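Visitor: To convert, take the position in the sequence shown, counting from 1, and add 219; that gives the working numbering.
Beta carbons: idealized from backbone N, C-alpha and C, even for Gly.
No experiment lies behind these values; they were computed from the predicted model shown.
Structure incoming, see below.
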Amino acid sequence: MRRATKTLKTWRMGAVLAIALSLIALAGPPASDAQEPTFMLYLPLGSRCGFNYPVLWGTVVRVIDGDTITMDVNGDGYEDFHVRYVGVNAPETNECYGREATVFNRQLVEGQRVALEKDYTEGSYGRLLRYVYLSDCRWVNGVLVREGYAKVDIPDDSRDKRYAAQLRTLEEQARWERRGGWGACGW
Ligand SMILES: [Ca+2]
């Protein structure tokens with residue numbers, strides 16, 4: 220009788236342990252911060268960016284429009300090339316919300332130190348296609364889409380689809396909330 224009780228207790232403890240272990244297995248390993256920040260729109264200033272791909276740091280010299288900037292990467296203050304944000308398209312300055320997009324982009328990045336990440340396409344000489352991150356880790360391409368200053372622009376035959384799903388999710392949120400051009404221009 221006594222022995223049976225003890226066996227039952229041992230069995231129970233074993234079961235509890237097995238359940239606990241399987242729960243830990245389901246939860247997976249703790250998330251590494253190296254995997255997340257590329258999709259973060261608003262990380263607190265000073266947080267570390269954990270980039271998944273190589274980036275090139277530089278300073279934004281000039282904002283051309285809602286999706287194009289010029290960069291100084293060798294530190295002499297003069298622009299070295301243009302960067303076109305990849306995966307997104309902001310309205311032209313003569314189109315609805317084009318002026319607003321330019322102003323917003325300027326407030327966001329002009330004079331800022333930013334990191335550039337390439338997807339598949341380099342871009343043509345002097346005009347590189349890149350994802351852009353602020354030093355506080357905000358993802359510029361994503362912010363523009365999320366706030367309704369740009370739409371996702373990834374043609375079917377594009378090879379630059381690394382963050383297509385994330386961009387489309389952000390666009391859906393912007394459209395749902397009628398942000399920026401979605402409300403003002405009936406995109
Ligand atoms: Ca330069």
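DSSP has K380 in a bridge; who is on the other side?
Guide: The residue you call residue 380 lines up with position 161 of the sequence shown. None; K380 has no bridge partner.
Visitor: Pick from L389, F270, R357: whose alpha carbon is nearest that of D372?
Guide: In the sequence shown, the residue the question calls residue 372 occupies position 153. Looking at the Cα atoms, L389 is the closest of the given residues.
Visitor: So is the beta-carbon of E329 under 8 Å away from any non-hydrogen atom of ligand 1?
Guide: In the sequence shown, the residue the question calls residue 329 occupies position 110. It does not: the Cβ of E329 is nowhere closer than 8 Å to a heavy atom of ligand 1.
Visitor: If I follow the unbroken beta strand (DSSP E) through V280, where does it start and stop?
Guide: Taking the sequence shown and counting its residues from 1, the one referred to as residue 280 is at position 61. 275–284 is the extent of the beta strand (DSSP E) around V280.
Visitor: Which residues end up in the neighbourhood of ligand 1 when you take C-beta atoms closer than 5 Å to any of its heavy atoms?
Guide: Taking each Cβ in turn, the ones that pass are D291, N293, D295, Y297, D299.
Visitor: Under the three-state reduction of DSSP, which class applies to G399: helix, strand or coil?
Guide: Locating residue 399 in the sequence shown gives position 180, where the first residue counts as 1. In the structure shown, G399 sits in coil (DSSP, three-state: anything other than H, G, I, E or B).
Visitor: Within the segment 317–345, note down every full beta strand (DSSP E) run reaching 3 residues or more, in order along the chain.
Guide: 332–336
Visitor: With which residues is T442 paired in a DSSP beta bridge?
Guide: What is shown of the chain runs 220 to 406, which leaves residue 442 out entirely.
Visitor: Can you tell me which of the three DSSP states N308 falls into?
Guide: Translated into positions along the sequence shown, residue 308 becomes position 89. Looking at N308 - three-state DSSP - the assignment turns out to be strand.
Visitor: Among residues of its own chain, excluding the 5 on either side of D286, which ones have a beta-carbon nearer than 8 Å to its beta-carbon?
Guide: If you number the sequence shown from 1, residue 286 lands on position 67. Once the five neighbours on either side are set aside, the close Cβ partners of D286 are R303, Y304, V307, N308, A309, A320, N324, L363, A369.
Visitor: Does the separation of the CB atoms of G345 and G402 fall below 9 Å?
Guide: For the purposes of this step, residue 345 is taken as the residue at position 126 of the sequence shown. For the purposes of this step, residue 402 is taken as the residue at position 183 of the sequence shown. Here G345 is not near G402, since their CB atoms are 9 Å or more apart.
Visitor: Using the rule of at least 16 other Cβ atoms within 10 Å of the residue's Cβ for burial, across every protein chain shown, is Y350 buried or exposed?
Guide: For the purposes of this step, residue 350 is taken as the residue at position 131 of the sequence shown. By the Cβ neighbour-count rule, Y350 is buried, with 16 or more other Cβ atoms within 10 Å of its own.
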